[in-house]
Every structure is written in structure tokens, then in C-alpha cells.
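*Asks:*
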Amino acid sequence: MSQSTSDTNLDVASVVEDVNLRRIGHYTLIVLFLGFFLLPLITGLMTALKTNEAIARTVPFIPPLGEGFTLGNLEYAFNQLSHAFVNSLLMAIPATIINVLLASMAAFGLTMVKWRGQLGILILFLIGIFVPYQAVLVPLARFWNNTFPLANMISPLFATVPLIQSYHADLVPLIITHVAYGIPICMILFRSYYQSLPNSLVEAAKIDGASITKIYRRIILPISKPMFGVVFIYQFTQIYNEFLFSFTLISSANSPEAPVTLIIPTIGTSTSGIDFGIRMSAAFLAALPTIILYVAFAEQFAKGLETESA
22 MSQSTSDTNL DVASVVEDVN LRRIGHYTLI VLFLGFFLLP LITGLMTALK TNEAIARTVP
82 FIPPLGEGFT LGNLEYAFNQ LSHAFVNSLL MAIPATIINV LLASMAAFGL TMVKWRGQLG
142 ILILFLIGIF VPYQAVLVPL ARFWNNTFPL ANMISPLFAT VPLIQSYHAD LVPLIITHVA
202 YGIPICMILF RSYYQSLPNS LVEAAKIDGA SITKIYRRII LPISKPMFGV VFIYQFTQIY
262 NEFLFSFTLI SSANSPEAPV TLIIPTIGTS TSGIDFGIRM SAAFLAALPT IILYVAFAEQ
322 FAKGLETESA
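Here the sequence shown is numbered in our numbering, starting from 22 and rising by one per residue.
The structure is reproduced here in C-alpha cells:
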């Protein structure tokens with residue numbers, strides 16, 4: 022009896038020891054991954070808060086102390102980027118909203134509505150995902166600058182709109198370009214979500230006499246809020262951080278309509294070298310809109326990812 026009791030105690034002890042070792046291993050991996058991903062961010066933030074002298078004589082991830090601490094980098098970077106923030110938001114917000122709405126409609130029509138030629142249109146959307154940006158830069162510039170100079174046509178109209186400058190008309194070709202390029206990938210994201218919905222929703226609505234438009238507006242849109250959060254965050258981040266189209270269609274970083282991505286490479290540069298404190302301050306300030314968006318749509322984003330994984 023005592024022998025079996027001791028064996029049982031030994032088995033329980035070994036199991037507990039294995040569980041503890043496994044838990045320690047998991048926490049160790051978590052800490053290592055946190056350090057791996059957070060250390061560059063901490064280093065950048067510490068650099069943004071240091072003077073040039075402190076950057077030169079201290080370890081990058083060590084917090085600034087005493088006279089080495091400064092907020093002047095952030096102030097200078099914000100003054101340089103303030104008008105660029107407006108340009109980027111005027112470009113990214115309408116482009117994202119139009120993109121997400123059109124992609125949702127297209128996904129609904131290609132997933133939950135049956136019609137002739139559906140497969141061919143779906144293939145065109147799939148092809149659009151794989152067209153590289155570099156392949157269309159020259160034709161794109163020629164089209165918007167020579168063939169159809171839309172910005173020049175509408176700039177007088179923009180001059181009459183309150184809080185909008187005439188040079189903001191140059192952002193309209195960028196908005197249209199981002200919408201055209203973003204619809205295919207956004208449509209695929211919405212389509213994967215709509216494929217998980219039961220077809221009985223649409224069939225029941227059809228039996229009740231609802232039109233396709235009414236079905237989309239009254240049934241599909243309300244239950245698509247989580248996916249709208251996911252796609253909106255994804256596409257806003259893509260458009261806000263995009264560089265190639267802006268570099269091609271905007272004349273230079275000194276142009277009044279230049280977005281954030283064009284101006285950041287020019288901040289902190291001088292004949293004496295690069296001011297890394299100012300450069301890192303500009304980078305952190307430029308990331309604020311996307312961070313705020315992630316926080317604002319965090320709940321919908323999490324629900325959308327749960328639905329996708331399910």
C-alpha cells in the first residue's frame with residue numbers, strides 16, 4: 022500500500038514538474054519575443070528624446086538623463102509635418118472609405134448573387150492583385166499629367182471649398198489610383214467573410230420580395246461591421262504609408278500637397294549629416310494616425326479576425 026502511494030506521489034510530482042518547466046519555457050519565449058519586437062521601438066523613442074550630444078555618447082536604448090533630454094526634436098518634427106498630416110489624411114480617409122464600400126459591394130455581388138460571367142469578373146479581380154506597382158508608374162504618370170490632367174481641371178473648384186486649398190486637387194488622382202489598386206485585395210478579404218455566411222439569409226430575403234440592393238443594405242451591411250473594421254484598418258494603413266504613387270504623382274517633397282511619406286526622408290538632413298533625434302521623432306509622429314485607428318477599431322478588428330479564423 023505504501024509502495025503504491027509513493028509511486029502515485031512520484032507520478033504527481035513529475036507531472037507538476039513537467040507543467041512548471043513547460044510554463045517557464047512558454048514565459049521565457051514570450052519575454053524573448055517581447056524584447057525582440059519592443060527593443061527597436063524603445064531605442065527609437067529614446068533617440069527621439071535625446072540631444073545630438075546624448076545620442077553620440079550614450080547607448081541607444083538607455084533613457085536620456087539630465088541635459089541629454091529634450092522635447093525640441095518632437096516640436097521641430099511636428100512643425101515640419103503638420104501640413105503633411107492634413108494632406109495624408111485628406112488622401113487616405115476618402116480613398117479608404119470609397120475602397121472599402123466598393124470592395125464590399127463587389128464581394129457581395131461575386132459571392133452571394135449568382136449571375137452569368139461571374140467567374141470571369143472574379144478572375145480579373147484576382148489578376149489585379151498581382152499587378153506590381155512598378156509596372157504602372159510610367160503609364161500612370163503620363164495618364165494623370167498629360168492624357169487626363171484631372172488635378173488642373175478641378176483645382177479652380179477646390180479653391181472655392183472652405184478649409185481646402187487649390188493644391189489639394191493634386192491629391193484626387195492619388196485617391197482614385199489607391200481606390201483602383203486597393204479594391205481587388207479588399208474584395209478578396211470581404212469575399213472570404215461572405216462565403217462563411219449562410220445562403221439562407223439571401224434566399225429568405227428574396228422569398229420576401231427584397232431586391233438585391235435592399236438585401237445588401239438591410240442584411241449584409243449590418244452583419245459586416247467586424248469585417249469593415251479589419252479591411253478599413255488594413256487599407257488605411259496601406260494608403261497612408263504608401264510611397265511609390267505619391268513619389269510619382271507629386272512633383273517633390275517641397276510641394277504643398279506632399280504627404281507624410283514624402284517629407285519624412287527630408288527631415289533631419291543637413292550638410293553636417295543626419296539628425297537622428299529629429300528623424301526618429303518624425304517617424305513616431307507619422308505613426309500616430311495608424312496607432313489611433315487601431316485603438317479606435319480594436320474591438321471590431323478582433324471580432325473580424327475571430328470570424329475569419331472560424
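Here a beta-carbon is modelled for each residue, glycine too, at the ideal position from N, C-alpha and C.
Fair warning: this is a prediction, and the values are worked out from it, not measured in the lab.
Distance check for residue 116 and residue 261, CA to CA, integer angstroms please.
*Replies:* 10 Å
*Asks:* Should residue 108 be labelled buried (16 or more other beta-carbon atoms within 10 Å of its own) or exposed?
*Replies:* Burial is judged here by how many other beta carbons sit within 10 angstroms of a residue's own beta carbon; residue 108 has at least 16 and is buried.
*Asks:* Run through the segment 259-318 for me and flag every whole alpha helix (DSSP H) of 4 or more residues, listed as ranges in chain order.
*Replies:* Whole alpha helix (DSSP H) segments, 4+ residues: 265-270, 281-284 and 297-317.
*Asks:* Below 8 Å, can you find three or more Cβ-Cβ pairs linking the segment 274-291 to the segment 68-80?
*Replies:* no
*Asks:* Count Cβ pairs between the segment 307-319 and the segment 139-156 that sit closer than 8 Å; are there 3 or more?
*Replies:* No, they do not touch.
*Asks:* Return yes when at least one heavy atom of the ligand ADP lies under 6 Å from the C-beta of residue 268, else no.
*Replies:* Only the bare structure without any ligand can be found here, which leaves the ligand ADP out of the picture.
*Asks:* Judging by CA-CA distance, which residue of 258, 172, 49 and 197 is the nearest neighbour of residue 186?
*Replies:* Closest by alpha carbon: 172.
*Asks:* Measuring alpha carbon to alpha carbon, tell me which of 303, 112, 220 and 240 ends up nearest residue 133.
*Replies:* 220
*Asks:* Determine which residues share a DSSP beta bridge with residue 71 and list them.
*Replies:* Note: residue 71 sits in a beta bridge opposite 90.
*Asks:* Just mark residue 263 as buried or exposed, buried being the case when its beta carbon has 16 or more other beta carbons within 10 Å.
*Replies:* A residue is called buried once 16 or more other Cβ atoms fall within 10 Å of its Cβ, and residue 263 is buried on that count.
*Asks:* Between 233, 254 and 290, which has its C-alpha nearest residue 135's C-alpha?
*Replies:* 233
*Asks:* Excluding the 5 residues flanking residue 301 on each side, which residues of the same chain have their C-beta closer than 6 Å to its C-beta?
*Replies:* 65, 68 and 69
*Asks:* Is residue 31 helix, strand or coil when you go by DSSP?
*Replies:* With a pLDDT of 49 at residue 31, under the threshold of 50, the modelled position of this residue cannot be trusted, and the question is left open.
*Asks:* Beta-carbon within less than 8 Å of residue 321's beta-carbon, same chain only, minus the 5 sequence neighbours each way: which residues are those?
*Replies:* 246, 247, 249, 250 and 251
*Asks:* For residue 133, does the three-state DSSP call read helix, strand or coil?
*Replies:* Of the three classes helix, strand and coil, the one that applies to residue 133 here is coil, per DSSP.
*Asks:* Between the C-alpha atoms of residue 167 and residue 266, what's the straight-line distance to the nearest angstrom?
*Replies:* 16 Å
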